[in-house]
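Chemist: Dumping the structure here so I can ask a few things about it.
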Amino acid sequence: MTAPGTVRLLLADDHPVVRAGLRAVLDTEPGLTVVGEAATAERAVELAAAGGVDVVLMDLQFGAGMHGSEATAAITRVPGGPRVLVLTTYDTDADILAAVEAGASGYLLKDAPPEELAAAVRTAAAGQSALAPAVAYRLMDRMRTPAEALTKRELEVLQLVGEGLSNQQISKVLFLSQATVKSHLVHVFAKLGVDSRTAAVAVARERRLIRR
1 MTAPGTVRLL LADDHPVVRA GLRAVLDTEP GLTVVGEAAT AERAVELAAA
51 GGVDVVLMDL QFGAGMHGSE ATAAITRVPG GPRVLVLTTY DTDADILAAV
101 EAGASGYLLK DAPPEELAAA VRTAAAGQSA LAPAVAYRLM DRMRTPAEAL
151 TKRELEVLQL VGEGLSNQQI SKVLFLSQAT VKSHLVHVFA KLGVDSRTAA
201 VAVARERRLI RR
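Under UniProt numbering, the first residue of the sequence shown carries the number 1, and numbering increases by one thereafter.
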């Protein structure tokens with residue numbers, strides 16, 4: 001029986017060792033209790049919809065299947081559903097923007113100290129935003145130079161370029177016309193000051209705009 005006022009947590013991560021570590025840390029915190037675990041994003045959505053959860057700690061990468069940002073969007077679009085706190089190793093603009101736009105209440109990196117993690121969980125449970133300092137800085141930096149910042153769609157296109165996809169393949173993945181993909185890349189090249197796909201990917205990775 002969960003005590004009144006206790007924040008009930010669902011751990012969504014495909015690594016059992018990570019879930020065990022999180023459970024060990026969070027179950028010792030007063031007012032926090034882990035009530036479930038999910039090894040896939042799809043399972044996280046199911047458990048969140050079943051009720052009895054206040055905050056979902058969501059990883060972003062689950063291998064095959066649904067991405068963490070997709071699961072976050074599915075969970076947060078339900079009125080009265082749990083808050084989602086992203087807990088990941090990725091601090092790229094592409095990942096941060098996708099999670100924030102999906103409705104995440106917070107974004108924390110896995111190297112965060114236990115006290116910072118517990119505080120972020122409580123902040124998310126209270127309906128407030130909980131961002132790792134490095135993440136907050138990257139978002140502020142984007143706001144300072146909006147004309148130079150890549151949009152979420154431009155980052156998506158560039159991430160797929162970095163994964164080796166052609167314009168035709170990207171158009172199918174993102175449900176865009178090839179002309180639109182080319183247009184996004186033209187804007188990307190201009191903003192990054194480059195003239196090729198290879199150079200764009202190299203600069204974006206160096207600036208941690210997309211994953212390596």
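Glycine included, each C-beta is placed from N, C-alpha and C at the ideal position.
Given this structure, state the Cα-to-Cα distance separating A44 from D59, to the nearest angstrom.
Modeler: Their backbone Cα atoms lie some 10 Å apart in a straight line.
Chemist: Considering Cα atoms alone, identify which of A64, E29, I75 is closest to G51.
Modeler: Taking only the C-alpha atoms, the option nearest G51 is I75.
Chemist: Would a C-beta distance cut-off of 8 Å place S105 and L85 closer than the cut-off?
Modeler: Yes, Cβ-Cβ distance for S105 and L85 is below 8 Å.
Chemist: Alpha carbon to alpha carbon, how far is T28 from F175? Give it in angstroms, no decimals.
Modeler: Their Cα atoms are separated by approximately 46 Å.
Chemist: Since T33 sits in a beta bridge, which residues does DSSP pair it with?
Modeler: Answer by DSSP bridge pairing, in chain order: R8.
Chemist: On the DSSP bridge list, what partners appear for V55?
Modeler: DSSP lists L9, R83 as partners of V55.
Chemist: Look up Y107 in the DSSP assignment and say whether it is helix, strand or coil.
Modeler: Reduced to three states, the DSSP call for Y107 is strand.
Chemist: Can you tell me which of E70, T33, A64, L185 puts its alpha carbon nearest to the alpha carbon of V55?
Modeler: Comparing Cα-Cα distances from V55 to each of E70, T33, A64, L185, the minimum goes to T33.
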